[in-house]
Amino acid sequence: MESKSIALDELEIVATDKKGEAYVIRGYNHSKDREKLIEMYATFSPEQRCLGLPPTTRTGIEHWIDYLAENGIAFVAERDGRIIGHAVLVPTEDGEEVDVTIFVHQDFQNRGIGQRLMKVTIDYSKKKGYKGMMLVTERTNVRAIHVYKKLGFKVVDPYLEYDMYLDLRKAKD
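Sequential numbering of the sequence shown, starting at 1267, is according to our numbering.
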């Protein structure tokens, strides 16, 4: 795997959502962002949870966020100092691919924020030299599946959940 140096602390993309409101996508800083991210997940609607995530208790959220920070490469979408979206890439054991997890707070869904956040993770993964990205979502998560397919992900296993894969070597820029 080719690895290009990409500093997450220098990543900052200013974007505008479908309602014309500005937000920033940037690298996650665990020491500065942890509490704000816990707040986002603590107010997450139960209907928005996918495959048991995010956890429902504060302790569960804290452990999950700490695990992701230790084992992954994270990005956040932020508006007016509030974290409104979170995406994490966790490299596979062989380091060739990444598993991606993404959540956008329900108050900010259907505004294009999740799609833009996914594009940032795809671009980052390509630049880092990963061969592919994998994700799992519930088959009832129709909006997310539509976005993932639009970004080039293919359904690998459509049964209980939707296992999806994006071959970064063939993905469009």
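In this text, a Cβ means the ideal position worked out from N, Cα and C, and glycines have one as well.
> Any idea which residues DSSP pairs PHE1419 with across the strands?
Replying inline: Indexing the sequence shown from 1 puts residue 1419 at position 153. Partner(s): none; PHE1419 has no beta bridge.
> Can you name the start and end residues of the alpha helix (DSSP H) that ASP1365 belongs to?
Replying inline: Here residue 1365 is taken as the residue at index 99 of the sequence shown, counted from 1. First-last for ASP1365: 1363–1370, but that is the beta strand (DSSP E), not the alpha helix (DSSP H).
> Are there 16 or more other CB atoms within 10 angstroms of the CB of PRO1320, so buried, or fewer, so exposed?
Replying inline: Taking the sequence shown and counting its residues from 1, the one referred to as residue 1320 is at position 54. PRO1320 comes out buried.
> Can you round the beta-carbon distance between LYS1302 and ARG1348 to whole angstroms, since I take them to be within the 8 Å contact cut?
Replying inline: The count along the sequence shown starts at 1 and reaches residue 1302 at position 36. The count along the sequence shown starts at 1 and reaches residue 1348 at position 82. With a Cβ gap of about 7 Å, LYS1302 and ARG1348 count as contacting.
> VAL1342 and ARG1409: beta carbons closer than 9 Å?
Replying inline: Here residue 1342 is taken as the residue at index 76 of the sequence shown, counted from 1. Here residue 1409 is taken as the residue at index 143 of the sequence shown, counted from 1. Going by C-beta atoms, VAL1342 is not nearer than 9 Å to ARG1409.
> With respect to the beta strand (DSSP E) encompassing LEU1303, which residues constitute its N-terminal and C-terminal limits?
Replying inline: Here residue 1303 corresponds to residue number 37 of the sequence shown, with the count starting at 1. No beta strand (DSSP E) holds LEU1303; the alpha helix (DSSP H) holding it covers 1296–1308.
> If you drop the 5 nearest sequence neighbours on each side, which residues of the same chain put their C-beta closer than 7 Å to that of GLU1278?
Replying inline: The sequence position of residue 1278 within the sequence shown is 12, counting from 1. Result list for GLU1278: VAL1290 and ARG1292, in chain order.
> Whose C-beta lies closer than 6 Å to the C-beta of ILE1379 among residues of the same chain, with five residues either side of it excluded?
Replying inline: Translated into the one-based positions of the sequence shown, residue 1379 becomes position 113. ASP1283, ALA1343, GLY1351 and VAL1370, listed in sequence order.
>> Just to confirm the assignment, what range does the alpha helix (DSSP H) spanning GLU1336 have?
In response: Walking along the sequence shown from the start, residue 1336 turns up at place 70. Unbroken alpha helix (DSSP H) run through GLU1336: 1324–1337.
> What residues are listed by DSSP as bridge partners for ILE1291?
Replying inline: Along the sequence shown, one-based indexing puts residue 1291 at 25. ILE1291 pairs with ILE1279 and ALA1343.
> How big is the Cα-Cα spacing for GLY1398 and ASP1389?
Replying inline: Residue mapping note: residue 1398 aligns to position 132 of the sequence shown, counting from 1. Residue mapping note: residue 1389 aligns to position 123 of the sequence shown, counting from 1. If I take the Cα positions, the gap works out to 11 Å.
> Using the C-alpha atoms, what's the distance from ALA1288 back to ALA1281?
Replying inline: Start at 1 with the first residue of the sequence shown, and residue 1281 comes out as number 15. Start at 1 with the first residue of the sequence shown, and residue 1288 comes out as number 22. One C-alpha to the other measures close to 6 Å.
> Between which two residues does the alpha helix (DSSP H) containing LEU1383 stretch?
Replying inline: Your numbering for residue 1383 matches position 117 in the sequence shown. Start and end: 1379–1394.
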